[in-house]
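*Asks:* Note that full-length UniProt numbering has the sequence shown beginning at 1, numbered continuously upward.
Note that beta-carbon positions come from the ideal geometry of N, C-alpha and C, so glycine has one too.
Handing you a structure now.
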Amino acid sequence: MLTKPRARKKRKERKRQLLRLPAPEDEGGQRIVTVVPRRIFTLNVTVLTNKTQKPRLLRMNHLSFSELCCLFCCPPCPSKIASKLAFLPPEPTYSLMCDESGSRWTLHLSERADWQYSSREKDAIECFMTRTSRGNRIACMFVRCSPNARYTLLFSHGNAVDLGQMSSFYIGLGSRINCNIFSYDYSGYGASSGKPSEKNLYADVEAAWHALRSRYGIRPENVIVYGQSIGTVPSVDLASRYESAAVVLHSPLTSGMRVAFPDTKKTYCFDAFPNIDKISKVTSPVLVIHGTEDEVIDFSHGLALYERCQRPVEPLWVEEPDTMMWSCMDSTWRDSNSLWLMSSSICSG
């Protein structure tokens, strides 16, 4: 049983670890724990019992028992777990200014948005705000890359970017594959209100879907649902409830627990982002893209989802880390002139 001074010291140690501050120096052989971030959902824990012993690494699928308790029991709510681990909203790289009529919004990009085109391309971007079923207002962006485009990508981006940072990419992507791009910022990202959470994620994509259909009159058979990384979570959820032309999952995850604990075989009640349980409900053709050397979300996640799809098309396994995947895929898109034509069946179903 710990004395009060030792208990207080242990609590301070735990707080320091969670804040990623340096651990105190070893004093008289006291136990020192240092937590070194390795990748998302992954922590290495090194324990020194005294000055003479060599460090030994304690792992429970890369997480210590105390870290597990802290993440999954304080509080025991999947959306809170997700907020701690999965959402990294950057400082906003853009702002939206509304005119006097309240119907037109002007996009202002900061230097950190790294805009790579002229004002002419920027004029092709339309932004507006819409409200979700959970009361948040989210920013939406429609990039009209081709007036005669047959398809529009409903793009759900990764966890550490906002619309400002993605705007140049959307212009380039839409031009290469000859389609328009519709995207949105999650609650708590960019100009969107609220806080990021799993429940808000589902409400956000639902609001984006209805805004795309009602504002632009685009039919479901002309929408390709595209999700990247954490964006595959709202994409799979949406596709499990609404049919579309196709679904593209880029570096998807099976579930939060399976990222943290690769040997997890079933979905627990406290698991977050359970793509693995929803993918079988998707009736649209599904294209899975994953890097075989992905160091953030292991390639096995993409493979597991592919094997559970009702209507899978030939997957695209890229033999590069995720950071190199876009440049590696660029020539593929340019040659095929359309993302979904990488498989002949993604349009025909």
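Do the CB positions of D162 and Y184 come within less than 8 Å of each other?
*Replies:* Cβ atoms of D162 and Y184: not closer than 8 Å.
*Asks:* Pop quiz: V247 and S300 are said to be a contact at Cβ under 8 Å. What is the actual Cβ separation, rounded to whole angstroms?
*Replies:* Not really, about 20 Å apart at Cβ, beyond 8 Å.
*Asks:* Could you tell me the distance, in whole angstroms, from the CA atom of V259 to the CA atom of E100?
*Replies:* Cα-Cα distance, rounded: 47 Å.
*Asks:* What is the DSSP secondary structure of L88, reduced to helix, strand or coil?
*Replies:* Here L88 sits in coil by DSSP.
*Asks:* Mapping DSSP to helix, strand and coil, what is Y189?
*Replies:* Of the three classes helix, strand and coil, the one that applies to Y189 here is coil, per DSSP.
*Asks:* Can you tell me whether L253 is buried or exposed? The criterion is at least 16 other CB atoms within 10 Å of its CB, across all chains shown.
*Replies:* The residue in question, L253, is buried, as its Cβ has 16 or more Cβ neighbours within 10 Å.
*Asks:* Please give the ranges of any alpha helix (DSSP H) in the region 261-303, keeping only runs that are unbroken, at least 4 residues long and fully inside the region.
*Replies:* Fully enclosed alpha helix (DSSP H) runs of 4 or longer: 275-278.
*Asks:* Spatial neighbours of residue 350 within its chain, please: C-beta separation below 7 Å, excluding the five flanking residues on both sides.
*Replies:* The first residue shown for the chain is 1 and the last is 349, placing residue 350 beyond what the model contains.
*Asks:* Between the region 301-318 and the region 268-284, are three or more C-beta pairs nearer than 8 Å?
*Replies:* The answer is yes - the region 268-284 touches the region 301-318, with three or more Cβ pairs under 8 Å.
*Asks:* Any chance the CB of V286 is under 7 Å from a heavy atom of the ligand GTP?
*Replies:* Among the components of this structure there are no ligands whatsoever, and the ligand GTP is therefore not found.
*Asks:* Helix, strand or coil: which one does DSSP assign to I230?
*Replies:* I230 falls in the helix class under three-state DSSP.
*Asks:* What residue range does the beta strand (DSSP E) around I181 cover?
*Replies:* Looking at the DSSP string, the run of the beta strand (DSSP E) that includes I181 is 180-184.
*Asks:* Name, in chain order, the residues that DSSP records as bridge partners for A208.
*Replies:* Beta-bridge pairing links A208 to no other residue.
*Asks:* What is the residue span of the alpha helix (DSSP H) that Y242 lies within?
*Replies:* Premise fails: Y242 is in no alpha helix (DSSP H) and is neither H nor E.
*Asks:* Determine the burial state of D271: buried for a count of at least 16 other Cβ atoms within 10 Å of its Cβ, exposed for fewer.
*Replies:* The residue in question, D271, is buried, as its Cβ has 16 or more Cβ neighbours within 10 Å.
*Asks:* Look up S214 in the DSSP assignment and say whether it is helix, strand or coil.
*Replies:* Helix.
*Asks:* To which residues does DSSP link R131 through a beta bridge?
*Replies:* Beta-bridge pairing links R131 to R137.
*Asks:* I want to know whether the region 165-178 touches the region 209-222 - three or more CB-CB distances under 8 Å.
*Replies:* Touching, no.
*Asks:* Does the structure place the region 222-235 close enough to the region 141-156 that three or more beta carbon pairs sit under 8 Å?
*Replies:* Because the criterion of three Cβ pairs below 8 Å is met, the region 141-156 and the region 222-235 touch.
*Asks:* In its own chain, which residues sit with a C-beta less than 7 Å from the C-beta of A239, not counting the 5 before and 5 after it?
*Replies:* The answer, listed in chain order, is V225, V247, V282, S284.
*Asks:* Using only alpha-carbon positions, find the residue among S229, L109, V233 that is nearest to E295.
*Replies:* Of S229, L109, V233, the residue nearest in Cα terms is S229.
*Asks:* Which residues in the same chain have their Cβ closer than 7 Å to the Cβ of P201, if we skip the five residues on either side of it in sequence?
*Replies:* At residue 201 the sequence reads Leu, which differs from the Pro that was named. Excluding positions up to five away in sequence, the list reads Y186, V233, P234.
*Asks:* When the Cα atoms are used, what is the spatial distance from S118 to C179?
*Replies:* Straight-line Cα distance between these residues: approximately 20 Å.
*Asks:* Please say whether T130 and A207 have beta carbons closer to each other than 8 Å?
*Replies:* The answer is yes: Cβ separation under 8 Å.
*Asks:* Among R219, G256, Y268, whose alpha-carbon lies nearest the alpha-carbon of L85?
*Replies:* Per the Cα distances, G256.
*Asks:* Report yes or no: do the region 135-142 and the region 109-116 share at least 3 C-beta pairs separated by less than 8 Å?
*Replies:* No: fewer than three Cβ pairs fall under 8 Å.
*Asks:* Classify Q310: buried if its beta carbon has 16 or more other beta carbons within 10 angstroms, exposed otherwise.
*Replies:* With fewer than 16 other Cβ atoms within 10 Å, it is exposed.
*Asks:* For C328, does the count of other Cβ atoms within 10 angstroms reach 16, so buried, or fall short, so exposed?
*Replies:* Reliability fails at C328, whose pLDDT of 49 lies under 50, so the model's placement of it is uncertain and no value is given.
*Asks:* For V318, which of helix, strand or coil comes out of DSSP?
*Replies:* DSSP places V318 in strand when its eight states are reduced to three.
*Asks:* Provide the residue span of the alpha helix (DSSP H) that contains S167, from first to last.
*Replies:* Where S167 is concerned, the enclosing alpha helix (DSSP H) stretches over 163-177.
*Asks:* Please determine, among T132, G231, R219, H250, the residue with the shortest C-alpha to C-alpha distance to S244.
*Replies:* Ranking T132, G231, R219, H250 by Cα distance to S244 puts R219 first.
*Asks:* Whose CA, out of G164, R120, F128, G174, lies closest to the CA of S146?
*Replies:* Closest by alpha carbon: G174.
*Asks:* In this structure, what does DSSP give as the bridge partners for T106?
*Replies:* Paired residue(s): M97.
*Asks:* Taking all protein chains shown into account, decide if I125 is buried (16 or more other Cβ within 10 angstroms of its Cβ) or exposed.
*Replies:* When all chains shown are included, I125 counts as buried.
*Asks:* Go ahead and pull the three-state DSSP assignment for V259.
*Replies:* Three-state result, V259: helix.
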